[in-house]
Each structure stands twice: as structure tokens, then as C-alpha cells.
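Its first residue numbered 1, the sequence shown is counted upward by one per residue in UniProt numbering.
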Amino acid sequence: MNKMKKVPMRKCVATGEMKPKKELVRIVRSKEGVVSIDPTGKKSGRGAYLSLDREAILLAKKKNVLSNHLQTDIDSTLYDELLELIEKEKRQS
């Protein structure tokens, strides 16, 4: 009998959509207050998930969703890194 594996779902903080964890990227704030992209999804700290989608990232930047969610200031370079990450993902697929 082929049991279907449960797909972990997470909510995108920008769009509010529930998506499979694989389609999202985790941004994490460590105890020290350092905000970084967490490709493994395993770093400890306060995490927020964003869709691997240009629109979602631009929306998050515009609405300042991440800084509200992670309760810290977000450097605009983080959004640039996220956009670069998406471009890389697109080229690989």
C-alpha cells in the first residue's frame, strides 16, 4: 500500500497563502538579532516564510512584513539576496 507522505505546509508572511514548505524560503532572526536567509530551514531562531516568488518578496519589502514579523529592522540587501535566490532557482529548473 502506497501511503502518501504528508507535505509540511507553511504560510507565506507576504501573501498569507499556505504552500508546501519546499516552495518557500525561511528567513530567520537569531537570538543575537542577526537576520539571514535559512535555505535548510533548520537554523534556530524566530523564522518567517516567504514564497519563492518575485511578487511576494516585493510585497514583503513594500509592506515591511518581515521586520514586523521578526520584530527587527530588515536591511534592504536581504531582499536583494532573496531576489537573486529566486533567479538562481529559476535558472536551475
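C-beta: ideal position from N, C-alpha, C; glycine also.
Rounded to whole angstroms, what's the CA-CA distance from residue i to residue j? Just pull it up for me.
i, j, result
"residue 40", "residue 91", "20 Å"
"residue 79", "residue 9", "23 Å"
"residue 77", "residue 83", "10 Å"
From the DSSP output, in three-state form, read off residue i for me.
i, result
"residue 80", "helix"
"residue 36", "strand"
"residue 14", "coil"
"residue 27", "strand"
"residue 67", "helix"
"residue 85", "helix"
"residue 21", "helix"
CB residue i to CB residue j, shorter than 7 Å?
i, j, result
"residue 45", "residue 30", "yes"
"residue 12", "residue 51", "yes"
"residue 70", "residue 48", "yes"
"residue 33", "residue 72", "yes"
"residue 14", "residue 85", "no"
"residue 42", "residue 28", "no"
Looking only at C-alpha atoms, which of the options sits nearest to residue i?
i, options, result
"residue 5", "27, 86, 20", "20"
"residue 89", "72, 75, 43, 22", "22"
Taking all protein chains shown into account, decide if residue i is buried (16 or more other Cβ within 10 angstroms of its Cβ) or exposed.
i, result
"residue 26", "buried"
"residue 7", "exposed"
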